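**Q**
Residue numbers (my numbering): 21 to 142.
#1: Only counting the same chain, and skipping five residues up and downstream in sequence, which positions put a Cβ closer than 6 Å to that of residue 37?
#2: If you measure between the beta carbons of residue 111 and residue 139, is that distance less than 8 Å?
#3: Are there any heavy atoms of the ligand GDP lying less than 7 Å away from the beta-carbon of residue 103, as far as the coordinates show?
#4: When DSSP labels each residue in this structure, what does residue 98 get in the three-state scheme?
#5: Since residue 29 and residue 40 should fall inside the 8 Å C-beta cutoff, what is the C-beta to C-beta distance between them, to a whole number of angstroms?
#6: Identify the continuous alpha helix (DSSP H) that holds residue 37 and give its terminal residues.
#7: Is the segment 57 to 74 touching the segment 111 to 129, taking contact as three or more C-beta pairs under 8 Å?
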């Protein structure tokens with residue numbers, strides 16, 4: 021995997037972290053769901069997203085806004101490598117993470133809508 025793609029998958033993890041944390045914090049169920057979702061959606065390249073999500077969860081624990089902003093910064097930085105397929109996968113991951121525990125909360129829905137607009141502008 022090239023560096024750019026690895027950083028994009030790490031940005032997907034940051035965004036998923038922000039969305040998972042948006043409702044009532046990050047639960048063990050959401051952590052497990054994230055790992056299952058990225059394995060399915062990102063296949064063999066899921067390790068990059070999983071390692072970043074784990075780092076965010078266990079070490080840095082950024083705010084929702086900080087994680088969102090950093091993720092979008094990475095998407096913009098590597099926008100020439102963000103294909104339509106990657107955009108679609110990123111949106112699917114975010115939707116599935118938001119829906120993983122108790123369905124969409126209002127805050128998760130707002131973040132997801134914001135992300136869809138931001139990612140499509142790349």
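Using N, Cα and C, we set each Cβ at its ideal position, and we do this for glycine too. Keep in mind that this is a model prediction, so the values were computed, not measured.
**A** Taking the geometry as given:
#1: Correct list, in chain order: 73, 76 and 87.
#2: yes
#3: Questions concerning the ligand GDP fall outside what the structure shown contains, since it holds no ligand whatsoever.
#4: coil
#5: Rounded, the Cβ-Cβ distance is 16 Å, inconsistent with contact.
#6: 23 to 41
#7: Result yes; three or more Cβ-Cβ pairs closer than 8 Å.
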